[in-house]
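The structure under discussion appears below in the form of structure tokens.
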Amino acid sequence: MDVSQYLEIFIDETNGHLQTLSDNIMQLEKEPENKDVINEIFRAAHSLKGMAGTMGFKRMQRLTHDMENVFQEIRSDKMKVTSSLIDVLFDCLDAIDGYLENVKETSDEGTNDNEAIVKELNDILAGGAEESEAAPAAEPEAPAQETKAVTNYMDFELNNKEKDDIKEAQDAGHKVYAITVKIQKECLLKAARAFLVFKAVEDFGQIIVYRPSSQDIEDEKFEDEFSFFLDSEETDFEKIKAAANAVSEIETVTGEEIPIAAFEGGAEEEKTEEPEKAEAPAETHPAPAKTAQAPASTEKKAAGKGKSTPKPVTNRTIRVDIEKLDALMNQVSELIIAKNSLVSLSMTGENKEDQVQTFQEQIEYLERITTNLHESVMKVRMVPIESVVNKFPRMIRDLSKRLNKKMELEMTGEDTELDRTVVDQLGDPLQHLLRNSADHGLESAELRKERGKSEVGTIFLKAFQEGNNVIIEVGDDGNGIDTESVKEKAIERGLVTPEAAEQLSQKEIIDFLFMPSFSMAKQISDISGRGVGLDVVKSNIEALGGDVEVRSKLGEGSKFIVRLPLTLAIIQALMVEIRDEKYAIALASIQTIEYISTSDIKYVESKEVIHIRGAVIPLIRMDRELDFEPVEDDENLTVVIVQKGDKTAGLVIDNLIGQQEIVIKSLGEYISTTKLISGATILGDGEVALILDVNTLM
238 MDVSQYLEIF IDETNGHLQT LSDNIMQLEK EPENKDVINE IFRAAHSLKG
288 MAGTMGFKRM QRLTHDMENV FQEIRSDKMK VTSSLIDVLF DCLDAIDGYL
338 ENVKETSDEG TNDNEAIVKE LNDILAGGAE ESEAAPAAEP EAPAQETKAV
388 TNYMDFELNN KEKDDIKEAQ DAGHKVYAIT VKIQKECLLK AARAFLVFKA
438 VEDFGQIIVY RPSSQDIEDE KFEDEFSFFL DSEETDFEKI KAAANAVSEI
488 ETVTGEEIPI AAFEGGAEEE KTEEPEKAEA PAETHPAPAK TAQAPASTEK
538 KAAGKGKSTP KPVTNRTIRV DIEKLDALMN QVSELIIAKN SLVSLSMTGE
588 NKEDQVQTFQ EQIEYLERIT TNLHESVMKV RMVPIESVVN KFPRMIRDLS
638 KRLNKKMELE MTGEDTELDR TVVDQLGDPL QHLLRNSADH GLESAELRKE
688 RGKSEVGTIF LKAFQEGNNV IIEVGDDGNG IDTESVKEKA IERGLVTPEA
738 AEQLSQKEII DFLFMPSFSM AKQISDISGR GVGLDVVKSN IEALGGDVEV
788 RSKLGEGSKF IVRLPLTLAI IQALMVEIRD EKYAIALASI QTIEYISTSD
838 IKYVESKEVI HIRGAVIPLI RMDRELDFEP VEDDENLTVV IVQKGDKTAG
888 LVIDNLIGQQ EIVIKSLGEY ISTTKLISGA TILGDGEVAL ILDVNTLM
């Protein structure tokens with residue numbers, strides 16, 4: 238059995254514990270006397286220490302052990318929580334996170350001993366404690382409940398080989414001990430703990446019976462207890478017991494020597510009466526209920542929230558490999574393509590009336606199934622954005638100290654769900670926006686006071702669902718964007734002439750900040766806010782099928798509005814024709830469809846516009862955008878009105894085909910010269926239609 242097979246679980250659970258520690262240490266800074274928070278931190282540090290020890294990561298184990306010692310002193314009221322202690326604890330978390338990054342990359346923790354941090358912890362311990370030993374920290378919190386020594390071993394159904402092994406050991410003058418080990422309920426890596434117990438006791442002899450089977454123990458198919466028989470020459474059972482007890486997160490080890498007469502004659506009787514049982518597997522003993530994995534993951538879910546009081550677990554969660562989900566999504570995709578084929582056949586078929594009706598019913602049935610299957614799979618793929626945003630409060634705390642500005646972060650909607658593939662790539666853009674707010678958006682405490690604002694600046698992050706999109710707003714109550722300064726910088730860089738600059742709207746001026754030439758200039762940070770790296774933010778968000786909009790008021794603050802699609806896999810789309818080619822437009826982008834006369838087209842600054850219900854909407858000729866040869870207009874035009882935030886545009890197309898659920902297929906490197914095409918889909922007749930990203934047109 239190889240402990241490395243638990244690496245993925247270790248990484249996952251360590252991430253959860255680190256987040257728990259971060260959340261609770263933040264809480265502890267505000268409430269230094271809160272015993273619940275202190276106990277929660279102690280438990281998380283204890284679990285981290287045990288997991289690191291199991292995996293053989295000695296440096297991480299040492300660091301978490303020292304953290305645990307400090308909190309043992311705090312729990313015992315021998316030490317007070319101070320601001321400097323909080324800083325050191327956060328340094329510890331950063332060090333553990335560094336170990337974890339090494340583990341992710343190399344499966345090893347690295348060689349950094351973090352001596353400075355360990356020394357700081359021990360100095361705090363020496364200064365704040367009254368010469369108390371830190372050893373009690375390693376003890377389980379609840380007193381171990383004494384259990385009877387393997388009361389069931391006589392009930393174990395042993396096969397002939399096991400009985401012969403017991404008899405041979407006893408005939409050789411060895412001891413055979415029946416041992417039962419109970420693991421703490423909070424333990425997250427039970428199979429690894431069992432493996433370490435086996436490793437420890439095998440220094441004294443050989444294991445000859447496992448209950449449940451060794452394979453079931455390896456696969457964690459047991460509750461909190463497992464038993465085994467040990468063939469040993471050791472006469473002092475307490476030594477064996479002590480070795481097993483030395484493994485962390487073991488609650489109790491009980492056992493006794495099996496009397497020589499216990500199984501005498503049993504093997505011989507079975508050999509004569511039931512020879513066919515000779516090869517009976519060791520697993521004939523009833524296996525425990527197969528629920529070992531659920532408690533671990535639900536434990537993590539509860540811990541990940543960073544709450545100080547335990548909550549009843551109301552739902553079970555499972556870990557699912559994202560590649561398996563992607564394979565499932567591809568199967569759903571094929572099913573939808575099959576459905577589209579049937580729809581296509583139903584339109585062209587000329588069957589008898591009753592056959593057509595049956596055929597139509599089958600199509601409707603298939604459509605219901607695929608829709609339900611799609612929704613079910615999407616629910617599996619959807620995860621709360623909490624996993625991304627829960628690291629931001631700590632980041633803002635650190636920025637507050639580094640920039641010497643008082644600031645607080647207000648977050649709402651952390652439970653808003655998005656497609657896992659979107660969430661995984663969302664962290665960096667949001668982090669960049671928050672850093673901009675802290676570094677460039679918020680004014681100094683003195684300037685805020687002059688303006689009649691609170692000295693403590695507010696940065697906010699709000700997430701909510703709106704139709705088929707998730708909106709994430711990031712902003713602050715700081716200085717806002719000085720558009721005049723941005724305009725001057727744009728003129729200075731030759732991006733716009735002074736005459737043209739005077740005609741620019743506020744939004745057009747702000748758009749300069751998303752240009753690479755702005756973000757590369759070091760001086761841009763002198764402008765009231767927003768230049769550094771915003772081009773990267775914009776490109777990352779657009780790569781996810783989303784867009785970024787900015788709203789700002791000088792002296793009052795700024796707000797970045799990020800719109801993202803709920804999923805990147807399957808969407809509702811409007812199928813249209815441009816010349817003889819078929820294209821898809823995401824339904825979520827479409828506001829209305831209008832039929833206009835060519836005489837209704839007006840011109841503003843040499844650009845075509847139409848007036849609809851009091852709004853002036855620019856026209857975009859899609860045949861020109863797609864490089865078709867120009868043709869003479871018909872008297873009437875079909876216009877699809879699309880919207881992106883506050884912006885609208887009218888796309889001139891040739892024909893409407895209808896609404897359809899489509900599967901998005903990546904084009905890879907085939908079409909990389911234009912952002913207008915975001916992917917492709919396969920229609921029911923096998924034809925390929927390109928998907929238009931209308932956001933790039935506005």
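Under my numbering, residues 238 to 935 are what the sequence shown spells out, in order.
Just so it is clear, CB atoms sit at the ideal spot from N, CA and C, and this is done for glycine as well.
**OP:** Can you tell me which of the three DSSP states G253 falls into?
**Re:** Start at 1 with the first residue of the sequence shown, and residue 253 comes out as number 16. Assignment of G253 by DSSP, reduced to helix, strand and coil, places it in the helix class.
Original post:
If you scan the region 877-928 from start to end, which runs of the alpha helix (DSSP H) of 4 or more residues do you find wholly inside it?
Top reply: none
Original post:
On the three-state DSSP scale, how would you describe K385?
Top reply: Residue mapping note: residue 385 aligns to position 148 of the sequence shown, counting from 1. Per-residue confidence for K385 stands at a pLDDT of 39, beneath the threshold of 50, marking its modelled position as unreliable; the derived number appears in the next sentence. If DSSP states are grouped into helix, strand and coil, K385 belongs with coil.
Original post:
Thinking C-alpha only, which one of E721, K419, D891 and A332 is nearest E486?
Top reply: On the sequence shown, residue 486 is found 249 positions in, with the first residue counted as 1. Nearest of E721, K419, D891 and A332 to E486, Cα basis: K419.
Subject >> Length of the line joining the Cα atoms of G895 and A737 >> reply: Counting from one through the sequence shown, the residue named residue 895 turns up at place 658. Counting from one through the sequence shown, the residue named residue 737 turns up at place 500. Approximately 42 Å, taken between the alpha carbons.
Original post:
Grouping DSSP H, G and I as helix and E and B as strand, with all else coil, what is D656?
Top reply: Your numbering for residue 656 matches position 419 in the sequence shown. DSSP places D656 in strand when its eight states are reduced to three.
Subject >> Enclosing alpha helix (DSSP H) for V486 [first to last residue] >> reply: In the sequence shown, residue 486 corresponds to position 249, counting from 1. In the sequence on display, residue 486 carries Glu and not Val. Premise fails: E486 is in no alpha helix (DSSP H) and is neither H nor E.
Original post:
Are the region 723-739 and the region 794-814 touching by the rule of at least three beta carbon pairs closer than 8 Å?
Top reply: no
Subject >> According to DSSP, residues forming a beta bridge with N706 >> reply: If you number the sequence shown from 1, residue 706 lands on position 469. As DSSP reads the structure, N706 sits in a beta bridge with E703 and P802.
Subject >> Local conformation of Q809 per DSSP, three classes >> reply: By 1-based counting over the sequence shown, the position of residue 809 is 572. Strand at Q809.
**OP:** Give the DSSP bridge partners of A852, in chain order.
**Re:** Stepping through the sequence shown from its first residue, residue 852 is reached at position 615. Bridge partners of A852: I849.
Original post:
So, helix, strand or coil for F465, using DSSP?
Top reply: Position 228 of the sequence shown holds residue 465. Three-state result, F465: strand.
**OP:** Determine the direct distance from the alpha carbon of I574 to that of G923, and round the result to whole angstroms.
**Re:** Locating residue 923 in the sequence shown gives position 686, where the first residue counts as 1. Locating residue 574 in the sequence shown gives position 337, where the first residue counts as 1. Annotation: G923 to I574 spans about 9 Å, alpha carbon to alpha carbon.
**OP:** Report yes if the C-beta distance between G783 and S915 is below 8 Å; otherwise report no.
**Re:** Translated into the one-based positions of the sequence shown, residue 783 becomes position 546. Translated into the one-based positions of the sequence shown, residue 915 becomes position 678. No.
Original post:
How would you call A564, buried or exposed, if buried means at least 16 neighbouring beta carbons within 10 angstroms?
Top reply: Indexing the sequence shown from 1 puts residue 564 at position 327. Counting Cβ neighbours within 10 Å, A564 comes out exposed, since fewer than 16 surround it.
Original post:
Skipping 5 residues on each side, what residues in its chain have a beta carbon closer than 6 Å to that of Q530?
Top reply: Stepping through the sequence shown from its first residue, residue 530 is reached at position 293. The predicted position of Q530 is uncertain, since its pLDDT is 35 and thus under 50; no value can be drawn from it.
Original post:
According to the neighbour-count rule (16 or more other Cβ atoms, all chains shown, within 10 Å of its Cβ), is G492 buried or exposed?
Top reply: The residue labelled residue 492 in the question sits at position 255 within the sequence shown. Buried, because 16 or more other Cβ atoms sit within 10 Å of the Cβ of G492.
Original post:
Where do the ends of the beta strand (DSSP E) carrying E831 lie?
Top reply: As a position in the sequence shown, residue 831 is number 594, starting the count at 1. Unbroken beta strand (DSSP E) run through E831: I827 to S834.
Subject >> Beta carbon of E651 nearer than 8 Å to that of V626 >> reply: The residue given as residue 651 occupies position 414 in the sequence shown. The residue given as residue 626 occupies position 389 in the sequence shown. In contact: E651 and V626 (Cβ atoms closer than 8 Å).
**OP:** Go ahead and label D453 buried or exposed: buried means 16 or more other beta carbons lie within 10 angstroms of its beta carbon, across all protein chains shown.
**Re:** Within the sequence shown, numbered from 1, the residue matching residue 453 stands at position 216. Buried, because 16 or more other Cβ atoms sit within 10 Å of the Cβ of D453.
Original post:
Is the distance from the Cβ of I361 to the Cβ of L322 below 8 Å?
Top reply: For this step, residue 361 is matched to residue 124 along the sequence shown. For this step, residue 322 is matched to residue 85 along the sequence shown. Yes, the Cβ-Cβ distance between I361 and L322 is below 8 Å.
**OP:** Grab the span of the alpha helix (DSSP H) containing G442 for me, first residue to last.
**Re:** Looking up residue 442 in the sequence shown gives position 205. Looking at the DSSP string, G442 is not in any alpha helix (DSSP H); the run it does join, the beta strand (DSSP E), is G442 to R448.
Original post:
How is A873 classed by DSSP in three states: helix, strand or coil?
Top reply: Here residue 873 is taken as the residue at index 636 of the sequence shown, counted from 1. For the sequence presented, residue 873 should be read as Asn rather than Ala. Note: N873 maps to strand in three-state DSSP.
**OP:** Return the bridge partner residues of K356 from the DSSP annotation.
**Re:** Along the sequence shown, read from residue 1 onward, the residue named residue 356 stands at position 119. DSSP lists no partner for K356.
Original post:
With burial defined as no fewer than 16 other Cβ atoms inside 10 Å of the residue's Cβ, what is the status of F701: buried or exposed?
Top reply: Position 464 of the sequence shown holds residue 701. Counting Cβ neighbours within 10 Å, F701 comes out exposed, since fewer than 16 surround it.
**OP:** Would you mind sorting S469 into buried or exposed? The rule is 16 or more other CB atoms within 10 Å of its CB.
**Re:** For the purposes of this step, residue 469 is taken as residue 232 along the sequence shown, with counting starting at 1. Its Cβ being crowded by 16 or more others within 10 Å, S469 is buried.
Subject >> C-beta contact flag for G851 and K790 at 8 Å >> reply: Against the sequence shown, residue 851 aligns to sequence position 614. Against the sequence shown, residue 790 aligns to sequence position 553. The answer is no: Cβ separation not under 8 Å.
Subject >> Local conformation of T734 per DSSP, three classes >> reply: The sequence position of residue 734 within the sequence shown is 497, counting from 1. It is coil, neither helix nor strand.
Original post:
Between R685 and G715, what straight-line distance do the alpha-carbon atoms span, to the nearest angstrom?
Top reply: The count along the sequence shown starts at 1 and reaches residue 685 at position 448. The count along the sequence shown starts at 1 and reaches residue 715 at position 478. C-alpha separation (whole angstroms): 8 Å.
**OP:** Please confirm whether A480 and D440 have their CB atoms less than 8 Å apart.
**Re:** Taking the first residue of the sequence shown as 1, we reach residue 480 at position 243. Taking the first residue of the sequence shown as 1, we reach residue 440 at position 203. Using a Cβ distance threshold of 8 Å, A480 and D440 count as a contacting pair.
Original post:
Quick one, which of R631, S834 and F865 has its alpha-carbon nearest N873's?
Top reply: Working through the sequence shown from its first residue, we reach residue 873 at position 636. Closest option to N873, Cα to Cα, is S834.
Subject >> Extent of the continuous beta strand (DSSP E) to which A823 belongs >> reply: Here residue 823 corresponds to residue number 586 of the sequence shown, with the count starting at 1. Element bounds for A823: E818 to A823.
Original post:
For P621, which beta-bridge partners are listed by DSSP?
Top reply: Taking the sequence shown and counting its residues from 1, one reaches residue 621 at position 384. E654, per the DSSP bridge assignment.
Subject >> Beta carbon of E494 nearer than 8 Å to that of V413 >> reply: Within the sequence shown, residue 494 is the residue found at index 257, counting from 1. Within the sequence shown, residue 413 is the residue found at index 176, counting from 1. Yes, they are a contact pair.
Original post:
What residues in its chain sit with their C-beta under 7 Å from that of F463, if we drop five residues either side in the sequence?
Top reply: Counted from its first residue, the sequence shown places residue 463 at position 226. Around F463: V418, A431, R448, P449 and I454.
**OP:** Give me the Cβ distance between L426 and M288, rounded to the nearest whole Å; I'm assuming they're in contact under 8 Å.
**Re:** By 1-based counting over the sequence shown, the position of residue 426 is 189. By 1-based counting over the sequence shown, the position of residue 288 is 51. Confirmed, Cβ separation roughly 6 Å.
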